[in-house]
Amino acid sequence: MNLCVRDSEKLEVNTNMSTVGRNEPCPCGSGKKYKKCCENAVNIDTLVSQELDVLQAQLYDFIATAQSAEMEESYHHYLSKMDLMQADPDIYEMAFVSWYGATQQDADGVRLIERFVDKQLSTVTRPQTAEVLESWKNVRVTAGTVEKLDDSTLRVEEAITGDTLIVTEKFGKLEENSFFLGLLLPNGEKYLPFAQYFIYPAIEKAAMELVKIRFEQGEFETLHDYLSAQYLEIADVGFVLYSAEKKKAGKAAAIGKASVESDTANDSDEDASDSIEGVEIWKTPEYNEAITSLQTFLSEKGEDKKESELLVAVLEKYFYTERPTIRNPKIYSGALVDMAKNIDEISIRHVQKELAEYFDVSANSISRRSKQIWESYQDTVSELLKATNT
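Just so we're on the same page, our numbering is the position in the sequence shown counted from 1, plus 246.
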């Protein structure tokens, strides 16, 4: 998998202007000899690019050194939800810092990237650089398919919108069916990747479907809003999907080497496909948190074990089928307990006020979600009850 970090620490100015002889007329048309005119002139685009590289490095440092209780709390909150990025704190930290500074507002409703731009604009003397820097306030969080156009250009076809984004970045070999996730800084009609971006080989189809389903069933108005809220979770799920795909490929290779019969190989492929689908559904921190919170509540209240398992099974079935995008997992935990009042066969009963206080959510949100799940899953409850009683 390709995890890319931009290096802006060492910058050198290239002052070469093609192969014009020093004593030949200067290409600028001044009539002077090249050595007396533009030999030492530096290409403006090159200078702007170098200045933007320096500003990017400064922006990251500005965010990384920001001190706030909210940022510290958010850092640990999301870290605890990571399945695979917990194993590599450096990757998680860079992903968190760049995401937090680019998307999260402080108490005044201002993002760190906006504070940085406002602070630095007065120090930038070149108009072209200042214009691009000002546009960085419109940072774009994106995800989609990616292909390499040349050694310094990537083309991303964004999920949901279908927009084509040209990303200026030096890149080596790019595998087919790769999935791109990153924060993009505007640079005219093109984009620059900010700090760190992710390219996951082989998971394009699964990842694109994951983004599509979660966005469509979520509570976000735009793709940008969804990706801004779910960036770290998607990055982590990308690692999980990639890991599952590697295991699948390993199994297929082992089967081929051992010359196992084709029907056995097909079974193995189906199992691997199921595991990837399972990753899409279950390897999301929000679902795990909702299920764990429900189990904890029922256990603390001393509820009947079989009845508790029924409610957990309904919630799992709901997540498996609907794949909702969740902002607050505990709303779903409370909703399942509240929904129990509709099931005559079980005795679990708790009022919405109690549930709202326990799960620290509003009673209205519990009521609304409980009603929605019950209307869709009455038949599922009946089937699970029959299975439990047989």
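Glycine is no exception: its CB is placed at the ideal position from the N, C-alpha and C atoms.
The structure displayed is predicted, hence computed values, not measured ones.
In the DSSP assignment, Gln366 falls within the unbroken alpha helix (DSSP H) covering 358-367.
Scanning the stretch 557-596 from its first residue to its last, the whole alpha helix (DSSP H) runs of 4-plus residues come out as 575-585.
Note on Arg268: under 16 other CB atoms within 10 angstroms of its CB, so exposed under the neighbour-count rule.
With contact defined as three or more Cβ pairs closer than 8 Å, the stretch 391-406 and the stretch 306-325 are not in contact.
Contact annotation: Glu479 and Lys576 have beta-carbon atoms that are not nearer than 8 Å.
Within the DSSP secondary-structure output, Asn610 pairs in no beta bridge. Cα atoms of Phe417 and Ile445: separation of roughly 11 Å, rounded to the nearest angstrom.
With a cutoff of 8 Å on beta-carbon distance, Gly347 and Ile337 are scored as not near each other. Out of Glu603, Val583, Asp606, the CA that lies nearest to the CA of Arg595 is found in Val583. Rounded to the nearest whole angstrom, the C-alpha separation of Tyr578 and Leu325 is 22 Å. For the pair Leu293 and Phe362, the Cα-to-Cα distance works out to about 21 Å.
When the beta-carbon positions are compared, Leu429 and Ser344 come within less than 8 Å of each other. Minimum Cα-Cα distance from Cys283 among the listed residues Ser295, Asp299, Val266, Glu297 corresponds to Val266. In this structure, DSSP gives Pro439 an extended state, which the three-state scheme calls strand.
Per the C-alpha coordinates, the member of Glu316, Lys451, Asp409, Ser539 positioned closest to Asp606 is Ser539. Only buried fits Gly390, as 16 or more other CB atoms lie within 10 angstroms of its CB.
By the Cβ-count criterion, Ala315 is exposed, with fewer than 16 other Cβ atoms from all chains shown falling within 10 Å of its own Cβ.
Per DSSP, Arg386 lies in no alpha helix (DSSP H); the unbroken beta strand (DSSP E) holding it starts and ends at 386-396. Where Leu379 is concerned, the enclosing alpha helix (DSSP H) starts and stops at 373-381. If you draw a straight line from the Cα of Ser616 to the Cα of Leu487, it comes to about 31 Å.
The distance from the Cβ of Leu556 to that of Leu630 is about 6 Å, consistent with a contact at the 8 Å cut-off. Around the beta carbon of Pro570, 16 or more other beta carbons lie within 10 angstroms, which makes this residue buried. When secondary structure is reduced to three states using DSSP, Glu403 falls in the strand class.
Contact holds between the stretch 608-628 and the stretch 584-592, because three or more Cβ pairs, one in each stretch, are under 8 Å apart. For the set Ser593, Arg372, Ile612, Lys563, the Cα lying nearest the Cα of Asp625 is the one of Lys563.
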